[in-house]
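Here the sequence shown stands for residues -13 to 236, numbered as in the numbering used here.
We put the CB at the ideal spot given by N, CA and C, even for glycine.
Since the model is a prediction, treat every value here as computed from it, not as a measurement.
Below is one structure, written out as C-alpha cells; comments come after it.
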Amino acid sequence: MKKNKKEITTNQNINKDTILHSNSKIEGKKIKKRKLDDEKTEKKISKLDSLADEASCNIKKNKHTKKVVNNNLTEYTPYDKNIIIVSNLSFKETENSIKECFKKYGAIERVQLTYSKDKKFIGKAIIIFKHPVFINEDIKLNYKILRIERMKNKTVNDKRIFISRLNKNLTILQLRNILKKFNIKPKDIRMRFEIETKRNIGYCHVTYSSALEAKAFEKKWNLFKHDLGVETFYEYAQEKVSKHKKNKAL
C-alpha cells in the first residue's frame, strides 16, 4: 500500500511537470506569434507612411507645376498640341463667344484675348484645351472665316507679313497696285476668297524678297493702311520650322 501511494504521488508530480511544460510551450508560441504580428503591423505602418510621404511629395510637385503654368500663361512651349492661335476674329467677340464656338472640339481650359498697346482687342486669341486638339476644317464665326494656327515648330518669318482685317472687296491686283504706289512691291501675295461672294476672307500674306524690303513695308504702313481697311493691322508671319533648318541650327 505504501508503495502504491508513492507511485501515485510520483505520477501526479510527472503530470504536473508535463502540464507546466505544455503550458509554457503554448505561452511561448503565443509570445512568438504576438512578436510576428507586431513585426507585420510595423512593416504595414512603415509601408503606409512611405506611401503617404510619396503621395504628399507628388501633391507638392503637382502644386508647384500648376503654379508655374498659371504664372506663365503667355509663355507656352511651341510644341504644345493643346494650344491653338485664332485670328481674324470680330472685335465684338468675347472669351465666352469664342469658347462657345470651339467647345465642340474639346474641353477648353482657358481663352486668352490679344490686345494692342492701347488695350484694344486685335481680333486674335489663344485657346488652351485640356487635351490635344486637331482641327482640319474652316471655322466661321459671325460670318468671318477664322485663321487657325498651331503653336508647333514655329518661327517668325522676317520676309513674310500677315495682314488681317482687310476690306473684303479688295483684290490681289488692287493690293499690289497700292503697295507699288509706295515703292514696296512684294514678291508674292496670297489671298483666299469665298466661293459664294467672290470676296476675300479678310486676311492675306504678303512676301518680300528680303527682310530689308519687309522693313520698308513696316516703315510706310501708316501711309497706306487706310486703303486696306478701317481696322486693318499687320504682323510678321509665323512659319513651321522645316527639319532641314532645324538640323542646320543644331
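Determine whether the beta carbon atoms of residue 132 and residue 192 lie at a separation below 8 Å.
no
Residue environment, residue 239, which counts as buried when at least 16 other CB atoms sit within 10 Å
With the chain represented from -13 up to 236, any question about residue 239 goes unanswered, as that position is not in the structure.
Where does residue 187 land, buried or exposed, given buried means 16+ other C-beta within 10 angstroms?
buried
Sequence-distant residues of the same chain with beta carbon closer than 6 Å to residue 202, five excluded per side
170
Thinking just about the alpha-carbon of each residue, which of 210, 205, 88, 167 is nearest to the one in residue 126?
88
Is residue 197 near residue 154, with beta carbons less than 8 Å apart?
no
From 68, 176, 75, 161, pick the residue whose C-alpha is nearest to that of residue 107; which is it?
75
Proximal residues to residue 143 (C-beta, below 8 Å), its chain only, five neighbours per side dropped
222, 223, 224, 225
Out of 130, 161, 70, 77, point me to the one whose CA is closest to residue 180's CA.
130
Would DSSP call residue 93 helix, strand or coil?
coil
What does the alpha-carbon distance come out to for the pair residue 148 and residue 93?
29 Å
So, at 6 Å on beta carbons, what are the nonlocal neighbours of residue 67 in its own chain, with the 5 sequence-adjacent residues on each side left out?
118
May I ask which residues mark the beginning and end of the beta strand (DSSP E) holding residue 83?
Premise fails: residue 83 lies in the alpha helix (DSSP H), 81 to 88, not in any beta strand (DSSP E).
Other residues of its chain near residue 173: CB distance less than 7 Å, five sequence neighbours each side excluded:
193, 194, 195
Quick one, which of 178, 214, 206, 135 has its alpha-carbon nearest residue 122's?
135
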